[in-house]
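Chains as they are written, first to last, in this note's numbering: chain A, 27 to 492; chain B, 27 to 492.
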């Protein structure tokens, strides 16, 4: 049986009655919501709803369920695997207006925010509380989107990803019910783990409208450093030794020589164009000194040089801002291009081998490719930059991406450490875990029998995309 | 539609052909598998299968699916909410014989074990590797069981629960398929989080046959201490201040005066019969000294006294062995009783209030009740000890338990922090999250449409238990 979706026209009167001017069919608005930051073909939705409350999302969902209209949740549009394109048309719900920070509980070190609150908005709100939220993907993403895509970032090696930092969610189901997945208790063994079911489901099982997050206490001392290496291999070996020594390093990021050139250009820095590690230490004053000493010793074993420290917070912020801007920096290397980005994650014992083989591939490629990543977790990214006028570059890039994923899978790794599946990695997920995908389909059918929620993402549903 | 289960007799020939003498219908064997360590009424299964491999569990499951026989996975039988009773009869699969440690990857700090490996078996296997696995419920439970019940323990405040320490599972589904839920990569955003779906599902969604665990590096320095207080209130306030100060304490456990009496008796200790905290610090030599100094200062603010240190590992082991034996210790206070145990977890800002109100209830009770818990997480337990000859005690105990759960829910807490739902907390889970339970039912129906897996636990299924 193939799903037949309804026409948006049949639902529009009800949607307009509910939302008034916050329902738009203007083509500029639709275009804007038809793509993320990836190179995937833009596919505008038929209409865009600007929601303000969970109850409103619930009402929208009920209308769309009655009329069989696909629904795509939209945060900031900063995903990079083709997450928000309206593959089957339908309604995009823009949650950006749900930007209220509902509560911060200092004593419990948690907070609850609407889905549209962005990570920098939260960061600025938490200033002077002594607390911070550690998950930091490159973009200033919304926290709802970060939960939906299981986002991660530079602090994950110490503080974990969204999976470890979400206590509870409020979710609207495919038929418009409102569900809380957890409580504010720090731990619970009360029934199935609904919180984790929705984290990383990319809007295909429900729409996340509120997020309750774990916060962390700011450390007494923070110190950042930059260190250069003559080869990526040396840098990686230094990382592996650091992790295996059990040093509780807060950040340890690899940027290859080309990435450094891009960052120098975009962020007006003047680092040598060599592989670098960006590092950060968190702890007590003496703890940070201890960690830094131990890491510097390991670095010197692997030829690390130019160890330069940033202890003042402005210096540190400049450093990490440059790191977070890696993606726009890379794009400048090939003006007019749409980058093909990819990420994999492997057990750390296989990381050196995985990166070595990948570098051989990069050296043979006919276009610029930058490598960077959260190597303390065994996770690294490529941004492949095909020439805008050479369509054959795209084909070559895709083949290289495929080889990378196959390499990671052969090493007991995963086809994506943090970018998610979107449209881009559906076949890779299938390759990684065919039996698991069949189980995911059972769950999808149970929770969204009409295939309304972000269809065409995460899973091929044979009865839907034929 | 009400589920009609098949008769075991119809499946026995096939099961015996598969398992030979490892299929038993002996009444002693059935009795042994008909109860956990709780006071819930024993309900023996119709037969017990002793499985050795995942493939065997899969074959057993296929036979039972064809004949519509309920299947209960059994590890060590140490749960305490009525988790393994054969409510609808059927086959118990004892996984205790699946006790092989399949691999330990020192470099990646992970290991993979069969479901029947127990936590002490793993601890002893890891000796001399420099690694340890932190999750430590009181009993020497199996790691499959610990994953299935989302177990926790004294180290959770620093190292997390099973939810944070399982990388991947191998699971047999209700129709006998074998599924791997994850990889050995430290993080992944590849599709729905099947790992967490099975953690805490108590054998109702699938049977866990292999577990891949995160391990942690042994710390350079470990130091334990015991400290007494004149009131539980003071002890709790000390805990709250410690947690809110961000001190990375590894263990901080409350034992009330009656619990101390029980431990003194059972473990031949001679602590004063006053509320105590058992504490442990992990870190570098200087880090541990720093933490201990900070905590001692906080303790003295709240009248903590008799701070006694255990730095040698034998002393420490004796201390924590006594703590882990809290449950059998408590039972000695009322010989011949079957304890009613319960646990809740609340945000730490509400912990003092929750415990104060609960103590008033305890003071009014007509039977002994001990209180203890992982208070650094906001999680505490009661073991209520009704007199074996006074049935009215049970009713009183249940009412007290109900008040405790309601109190925790009103404080944004959960009806169970780590004991799970089993049979004991099905109604409480419903009270805590009715909309969530409806979603859990949808998942249950999708993955186990015949209601074969551990029926009568976690959820009431209206089409099954009437």
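Glycine residues also receive a C-beta, built at the ideal position from the N, C-alpha and C atoms.
Not flagged as an interface residue toward chain A: residue 323 of chain B, since no C-beta distance is shorter than 8 angstroms. About 4 angstroms separates the Cβ atoms of residue 202 of chain A and residue 87 of chain A, confirming a contact at the 8 angstroms cut-off. Secondary structure within the stretch 350-407 of chain A: the alpha helix (DSSP H) runs of 4 or more consecutive residues, fully enclosed, are 352-357 and 374-390 (chain order).
For residue 100 of chain A, the beta-bridge partners assigned by DSSP are A:120. Across the set A:345, A:35 and A:173, the C-alpha of A:345 shows the shortest separation from the C-alpha of residue 277 of chain A. Residue state for residue 140 of chain B is assigned as strand, using DSSP reduced to three classes.
Note that the C-beta distance between residue 164 of chain B and residue 350 of chain B is below 8 angstroms.
Here the stretch 214-223 of chain A makes contact with the stretch 224-244 of chain B; the two share three or more CB pairs at distances below 8 angstroms. Going by C-alpha positions, residue 472 of chain B is about 48 angstroms away from residue 343 of chain A. Taking C-beta separations shorter than 6 angstroms and ignoring five residues to either side along the sequence, the partners of residue 172 of chain A in its chain run 188, following chain order. Residue range 233-240 is occupied by the beta strand (DSSP E) that includes residue 240 of chain A. Per DSSP, the beta-bridge partners of residue 307 of chain B are B:249. Boundaries for residue 193 of chain A: no alpha helix (DSSP H) harbours it, while the beta strand (DSSP E) harbouring it runs 192-198, taken from the DSSP string. Within chain A, the residues whose beta carbon sits less than 9 angstroms from that of residue 373 of chain B are 131, 133, 134, 136, 209, 210, 211 and 212, listed in sequence order. Against chain A, the beta carbon of residue 442 of chain B has neighbours under 8 angstroms at 214, 215 and 216, listed in chain order. For residue 469 of chain B, the nearest CB of chain A lies under 8 angstroms from its own CB, placing it at the interface with that chain.
Rounded to whole angstroms, the gap between the alpha carbons of residue 97 of chain A and residue 469 of chain A is 18 angstroms. Taking 3 residues as the shortest admissible run, the stretch 278-337 of chain B contains the following complete beta strand (DSSP E) segments, listed from N- to C-terminal end: 302-309 and 331-336. Against chain A, the CB of residue 64 of chain B has no partner CB under 8 angstroms away; the residue lies outside that interface. Residue 130 of chain A carries a strand assignment under DSSP once its states are collapsed to helix, strand and coil. Within the model, the alpha-carbon separation for residue 405 of chain A versus residue 387 of chain A is close to 18 angstroms.
Counting only Cβ-Cβ distances below 7 angstroms, residue 205 of chain B has contacts in chain A at 461, 462 and 465, in chain order.
When the alpha-carbon of residue 292 of chain A is set against those of A:482, A:365 and A:355, the nearest one is in A:355. Taking one beta carbon from each stretch, the stretch 138-154 of chain B and the stretch 325-335 of chain B have fewer than 3 pairs nearer than 8 angstroms; the two do not touch. Listed in chain order, the non-local C-beta contacts of residue 359 of chain B below 6 angstroms within the same chain comprise 288, 394 and 411, local neighbours out to five positions each way being set aside. Identification of chain B residues near residue 155 of chain A by a Cβ-Cβ cut-off of 8 angstroms yields none; the smallest Cβ-Cβ distance measures about 12 angstroms. Look at residue 472 of chain B: its C-beta is under 8 angstroms from a C-beta on chain A.
Closest in C-alpha terms to residue 373 of chain B, from the list A:39, A:181, A:335 and A:214, comes A:214. For residue 173 of chain B, the enclosing alpha helix (DSSP H) has its first and last residue at 169-174. Judged by DSSP secondary structure, residue 206 of chain B falls within the beta strand (DSSP E) whose first and last residues are 204-206.
In the displayed model, residue 258 of chain A falls within a helix according to three-state DSSP.
B:309 is the residue among B:190, B:309, B:135 and B:56 whose C-alpha sits nearest the C-alpha of residue 247 of chain B.
Across the set B:433, B:306, B:29 and B:290, the C-alpha of B:306 shows the shortest separation from the C-alpha of residue 184 of chain B. For the pair of segments examined, the stretch 28-47 of chain A was found to touch the stretch 73-82 of chain A: the number of CB pairs separated by less than 8 angstroms reaches three. Cβ-Cβ separation between residue 369 of chain A and residue 443 of chain A: approximately 5 angstroms, consistent with a contact (criterion under 8 angstroms). Listed in chain order, the positions of the stretch 192-204 of chain B with a beta carbon within less than 8 angstroms of a beta carbon of chain A are 199, 203 and 204.
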